[in-house]
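Enquirer: Each residue of the sequence shown is one higher than the last, beginning at 25 in my numbering. The structure that follows is given in the form of structure tokens.
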Amino acid sequence: MFTGIVQGVARVESIEAREGLHTLHLKFPQGFDAELAIGASVSCDGVCLTVTERPAPGVASFDVMAQTLRLTTLGGLMVGSGLNVERAAKEGVEIGGHPLSGHVDVSARIAEIRRPDNNHVIRFALPAPWMRYVFAKGYIGVNGCSLTVAEARRERDGSGWFEVWLIPETLRMTTFGDKTVGDAVHIEIERSTQVVVDTVRDALDEKLGPLLPVLEAIAAERGIDITQLALSKS
């Protein structure tokens with residue numbers, strides 16, 4: 025488990041690319057790898073990877089299998105690429121963000137970046153059906169960083185967007201300041217929100233049965249999310 029509080033930025037030192045398997049050699053910020061053993065878990069841009077080798081001080085190797093390469097952006101890394109990294113949480117550690125598993129649900133794209141005075145606002149475009157789990161003031165994991173959703177909007181097709189506001193400290197400790205419009209990021213949905221939303225949807229389906237898709241279609245035409253409506257009434 026991880027806390028979503030990024031501890032620094034690692035850089036890709038080299039990549040061994042084989043068919044269906046990439047081995048990443050990452051250079052960590054000073055002090056990050058203290059007592060980091062083979063077999064330990066590290067969140068790399070929100071993807072939980074296992075240390076396979078320690079070839080040099082400050083460096084660790086990770087094997088990335090075919091499925092992870094297919095589902096994430098790790099297959100597109102180059103030498104010098106930066107990744108948000110966090111060590112696995114220890115028992116009794118303060119959770120300053122929210123619990124993250126290191127299992128990516130989906131990728132989102134950066135749709136817009138704004139820079140008002142002393143702030144940095146990023147809007148992410150999220151495909152259906154994942155927007156049903158994103159609410160303003162809720163938590164979300166983006167490239168391994170626990171962030172608070174400032175605003176969110178769902179479209180009729182189930183897709184949508186959400187925005188986060190980043191303070192200078194977050195920009196200093198992560199790679200978000202280097203991101204540009206169109207870049208892909210890893211999204212991990214906050215699990216308790218997902219459980220609540222899915223439970224409500226299952227209850228509606230149980231009660232309404234075949235009527236649910238019809239009602240959802242009618243509601244969507246009017247810009248209404250039935251699940252969100254049910255949650256607001258509960």
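Note that beta-carbon positions come from the ideal geometry of N, C-alpha and C, so glycine has one too.
Where does Ala41 sit, in a helix, a strand or coil, going by DSSP?
Expert: Residue numbering aside, residue 41 sits at position 17 when the sequence shown is read from its first letter. If DSSP states are grouped into helix, strand and coil, Ala41 belongs with the strands.
Enquirer: What does the alpha-carbon distance come out to for the pair Glu40 and Val103?
Expert: Residue 40 sits at position 16 when you count from the first residue of the sequence shown. Residue 103 sits at position 79 when you count from the first residue of the sequence shown. Each residue's alpha carbon lies about 11 Å from the other.
Enquirer: So the alpha helix (DSSP H) Arg94 belongs to, where does it begin and stop?
Expert: Against the sequence shown, residue 94 aligns to sequence position 70. It spans Ala90 to Leu95 - the alpha helix (DSSP H) in which Arg94 sits, taken as one unbroken run.
Enquirer: Span of the alpha helix (DSSP H) holding Pro192?
Expert: As a working note, residue 192 is residue 168 in the sequence shown. Start and end: Pro192 to Met197.
Enquirer: Start and end of the beta strand (DSSP E) containing Arg139?
Expert: As a working note, residue 139 is residue 115 in the sequence shown. No beta strand (DSSP E) contains Arg139, which DSSP labels as neither H nor E.
Enquirer: What does DSSP give as the partner residues of Glu77 in its beta bridges?
Expert: Looking up residue 77 in the sequence shown gives position 53. Note: Glu77 sits in a beta bridge opposite Ser85.
Enquirer: I believe Val109 touches Phe56 by the beta-carbon criterion, under 8 Å. Please report the beta-carbon distance rounded to the nearest angstrom.
Expert: What you label residue 109 is simply residue 85 of the sequence shown in a count that begins at 1. What you label residue 56 is simply residue 32 of the sequence shown in a count that begins at 1. 7 Å between Cβ atoms; contact.
Enquirer: Are the beta-carbon atoms belonging to Ala135 and Trp185 less than 7 Å from one another?
Expert: For this step, residue 135 is matched to residue 111 along the sequence shown. For this step, residue 185 is matched to residue 161 along the sequence shown. Contact flag set, yes.
Enquirer: Tell whether a beta-carbon distance below 7 Å holds between Thr47 and Asp87.
Expert: On the sequence shown, residue 47 is found 23 positions in, with the first residue counted as 1. On the sequence shown, residue 87 is found 63 positions in, with the first residue counted as 1. Cβ atoms of Thr47 and Asp87: closer than 7 Å.
Enquirer: Check for me: the beta strand (DSSP E) holding His127 runs from which residue to which?
Expert: Taking the sequence shown and counting its residues from 1, the one referred to as residue 127 is at position 103. Here His127 belongs to no beta strand (DSSP E), and DSSP marks it neither H nor E.
Enquirer: Under 8 Å: do the stretch 168-183 and the stretch 64-74 share three or more Cβ pairs, one atom per stretch?
Expert: Because the criterion of three Cβ pairs below 8 Å is met, the stretch 168-183 and the stretch 64-74 touch.
Enquirer: Starting from Ser67, trace the beta strand (DSSP E) in both directions and tell me its first and last residue.
Expert: Locating residue 67 in the sequence shown gives position 43, counting from the first residue. Its beta strand (DSSP E) spans residues Ser65 to Cys68.
Enquirer: Would you list the one or two residues that DSSP bridges to Thr47?
Expert: Residue numbering aside, residue 47 sits at position 23 when the sequence shown is read from its first letter. Thr47 pairs with Glu40 and Asp87.
Enquirer: Could you check the C-alpha separation between Ala176 and Arg156 for me, to the nearest Å?
Expert: In the sequence shown, the residue the question calls residue 176 occupies position 152. In the sequence shown, the residue the question calls residue 156 occupies position 132. Near 10 Å, if we compare the C-alpha coordinates of Arg156 and Ala176.
Enquirer: Where does Val173 land, buried or exposed, given buried means 16+ other C-beta within 10 angstroms?
Expert: Counted from its first residue, the sequence shown places residue 173 at position 149. Buried is the call here.
Enquirer: Just the Cα atoms here: how many angstroms apart are Ala34 and Pro234?
Expert: For the purposes of this step, residue 34 is taken as the residue at position 10 of the sequence shown. For the purposes of this step, residue 234 is taken as the residue at position 210 of the sequence shown. Approximately 50 Å, taken between the alpha carbons.
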